[in-house]
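See structure below.
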Amino acid sequence: RNRNEVISLIDGIDQLNLGQDRTFNANIVAQVGGQIGDIWGTVFAQNDADEMIFGEDGLPQVDAARQVLGNFNPDWYGGLTSTFTLGQVSLSILIDTKQGGEILSTTSSFGYIFGRHPNSLAGRDNPDFMITGQGVGPDGQTPNTASARIDDYYGRLGNVTEINVYDASYIKLRQVSLSYQLGPRLLAKMPFLQGATFSLVGRNLFFFANGLDELGLDPEAIYTATGNDIGIEYSALPSTRTFGFNLNLRF
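Per the working numbering, residue 17 is the first one in the sequence shown, and the count goes up by one each step.
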């Protein structure tokens with residue numbers, strides 16, 4: 017677990033930009049009093065009842081003040097491995113997890129903008145291609161009645177950081193290995209061989225829980241594996257499920 021606090025920066029600077037997403041609406045920031053890895057970005061304007069405020073054009077309004085929306089550092093990592101043996105056959109299972117921490121997904125952002133996000137389906141059956149958002153009007157009190165074109169509406173959603181920050185927690189079946197070890201009677205026929213083990217191995221088999229499940233992404237598939245902007249996912253490919261065969265010979 018990584019617990020940290022930014023105590024001070026160079027004279028005259030109280031905020032340092034460590035990383036930036038490609039839509040330029042969010043940054044990984046180190047700020048005095050905050051933590052390394054804080055995700056700063058834009059949020060929707062809301063009234064005191066936490067209702068979204070819409071403009072006269074029917075589009076959700078963006079608050080003028082950027083906010084901390086999460087931090088890429090996890091609360092904790094963990095893992096569990098077990099091996100079951102019966103005669104010459106053994107089964108090994110490895111489950112690991114990361115709990116806590118957030119990730120900014122530009123895949124989500126582009127999904128809204130280009131109509132590929134599963135949450136962008138609402139309103140497509142409207143014959144006039146207009147959608148009326150749920151919330152209040154510009155006065156922050158009366159219900160919103162203004163409509164916007166669907167592409168403009170979801171384009172606005174995609175460009176607001178708040179809706180594109182996800183929980184990066186996961187529980188994964190990391191590896192399963194099924195092995196067979198040659199017994200003494202077979203080894204006795206091959207005096208040059210001290211032992212032999214045959215194994216079938218599968219890795220990254222599936223998730224028990226995944227904070228990015230609705231996007232079909234792996235929380236480990238981040239933009240960069242090192243550096244200060246590891247909290248940014250940028251159009252990552254799905255992780256690969258692999259299968260293999262191991263042969264271990266001892267002479």
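Every residue gets a Cβ at the ideal spot worked out from N, C-alpha and C, and that includes glycine.
Rounded to the nearest angstrom, how far is the Cβ of Val176 from that of Val78, given a contact under 8 Å? Locating residue 176 in the sequence shown gives position 160, counting from the first residue. Locating residue 78 in the sequence shown gives position 62, counting from the first residue. Confirmed, about 6 Å.
Euclidean distance between Cα positions of Gly151 and Glu72: Taking the sequence shown and counting its residues from 1, the one referred to as residue 151 is at position 135. Taking the sequence shown and counting its residues from 1, the one referred to as residue 72 is at position 56. Each residue's alpha carbon lies about 12 Å from the other.
Going along the chain, which residues of its own chain have a beta-carbon closer than 6 Å to the beta-carbon of Asn264, five neighbours each way excluded? On the sequence shown, residue 264 is found 248 positions in, with the first residue counted as 1. Hits under 6 Å: Thr213.
May I ask you to list the residues that DSSP assigns as paired with Ala42? Counting from one through the sequence shown, the residue named residue 42 turns up at place 26. Note: Ala42 sits in a beta bridge opposite Gly57.
Integer Cβ distance of Asp234 from Pro254, believed to fall under 8 Å: Residue mapping note: residue 234 aligns to position 218 of the sequence shown, counting from 1. Residue mapping note: residue 254 aligns to position 238 of the sequence shown, counting from 1. 7 Å between Cβ atoms; contact.
In the DSSP assignment, find the unbroken beta strand (DSSP E) run with Gly95 in it and report its ends. Stepping through the sequence shown from its first residue, residue 95 is reached at position 79. Segment 92 to 102, the beta strand (DSSP E) holding Gly95.
When the Cα atoms are used, what is the spatial distance from Gly211 to Leu107? On the sequence shown, residue 211 is found 195 positions in, with the first residue counted as 1. On the sequence shown, residue 107 is found 91 positions in, with the first residue counted as 1. C-alpha separation (whole angstroms): 18 Å.
Run of the alpha helix (DSSP H) containing Arg266, from where it starts to where it stops: Start at 1 with the first residue of the sequence shown, and residue 266 comes out as number 250. Unbroken run through Arg266 is the beta strand (DSSP E), 258 to 266; no alpha helix (DSSP H).
How about Asn89 and Gly131: do their beta carbons lie closer than 8 Å? Counted from its first residue, the sequence shown places residue 89 at position 73. Counted from its first residue, the sequence shown places residue 131 at position 115. For Asn89 and Gly131, no; Cβs fall outside 8 Å.
My output table needs one value for Arg219: the three-state DSSP class, helix, strand or coil. Taking the first residue of the sequence shown as 1, we reach residue 219 at position 203. Strand, per DSSP.
Are the beta-carbon atoms of Tyr182 and Ile147 separated by less than 8 Å? Along the sequence shown, one-based indexing puts residue 182 at 166. Along the sequence shown, one-based indexing puts residue 147 at 131. In this structure, Ile147 does not lie closer than 8 Å to Tyr182 by Cβ.
Quick one, are the C-beta atoms of Tyr186 and Gly218 less than 8 Å apart? For the purposes of this step, residue 186 is taken as the residue at position 170 of the sequence shown. For the purposes of this step, residue 218 is taken as the residue at position 202 of the sequence shown. No, they are not a contact pair.
From Asn20, Pro154, Phe100, pick the residue whose C-alpha is nearest to that of Ile69; which is it? Residue 69 sits at position 53 when you count from the first residue of the sequence shown. Of Asn20, Pro154, Phe100, the residue nearest in Cα terms is Pro154.
Taking the continuous beta strand (DSSP E) assigned at Asp183, which residues delimit it? For the purposes of this step, residue 183 is taken as the residue at position 167 of the sequence shown. Here the beta strand (DSSP E) through Asp183 covers 181 to 183.
For Tyr170, which of helix, strand or coil comes out of DSSP? Position 154 of the sequence shown, counted from the first residue, corresponds to residue 170. Three-state result, Tyr170: helix.
Considering only DSSP beta bridges, list what Val152 is partnered with. Along the sequence shown, read from residue 1 onward, the residue named residue 152 stands at position 136. Note: Val152 sits in a beta bridge opposite Ile69, Pro159.
Taking C-beta to C-beta, are Ile166 and Leu173 nearer than 8 Å? Position 150 of the sequence shown, counted from the start, is the residue given in the question as residue 166. Position 157 of the sequence shown, counted from the start, is the residue given in the question as residue 173. Not closer than 8 Å, so no.
Enclosing alpha helix (DSSP H) for Gly127 [first to last residue]: Within the sequence shown, numbered from 1, the residue matching residue 127 stands at position 111. 122 to 129 is the extent of the alpha helix (DSSP H) around Gly127.
Reducing DSSP to helix, strand and coil, say where Ala11 ends up. As displayed, the chain neither begins before 17 nor continues past 267, which places residue 11 out of reach and without an answer.
Which residues in the same chain have their Cβ closer than 6 Å to the Cβ of Gly127, if we skip the five residues on either side of it in sequence? Counted from its first residue, the sequence shown places residue 127 at position 111. His133, listed in sequence order.
Could you round the C-beta distance between Glu249 and Thr113 to whole angstroms and report it? I think they count as a contact, below 8 Å. The residue labelled residue 249 in the question sits at position 233 within the sequence shown. The residue labelled residue 113 in the question sits at position 97 within the sequence shown. The pair is not a contact, with the Cβ atoms about 19 Å apart (cut-off 8 Å).
Out of Ala80, Gly247, Val105, state which residue places its alpha-carbon closest to the alpha-carbon of Gln62. The residue you call residue 62 lines up with position 46 of the sequence shown. Of the candidates Ala80, Gly247, Val105, the one whose C-alpha sits nearest the C-alpha of Gln62 is Ala80.
Whole angstroms are fine: how far does the CA of Asn33 sit from the CA of Arg82? Along the sequence shown, one-based indexing puts residue 82 at 66. Along the sequence shown, one-based indexing puts residue 33 at 17. Straight-line Cα distance between these residues: approximately 14 Å.
Close beta carbons around Ser215, own chain, < 6 Å, minus the five adjacent residues each side: Taking the sequence shown and counting its residues from 1, one reaches residue 215 at position 199. Cβ neighbours of Ser215 beyond the five flanking positions: Ser193, Ser195, Asn262.
Considering only the beta carbon of each residue, do Ala46 and Trp56 sit closer than 8 Å? The residue you call residue 46 lines up with position 30 of the sequence shown. The residue you call residue 56 lines up with position 40 of the sequence shown. Not a contact, by the Cβ cut-off of 8 Å.
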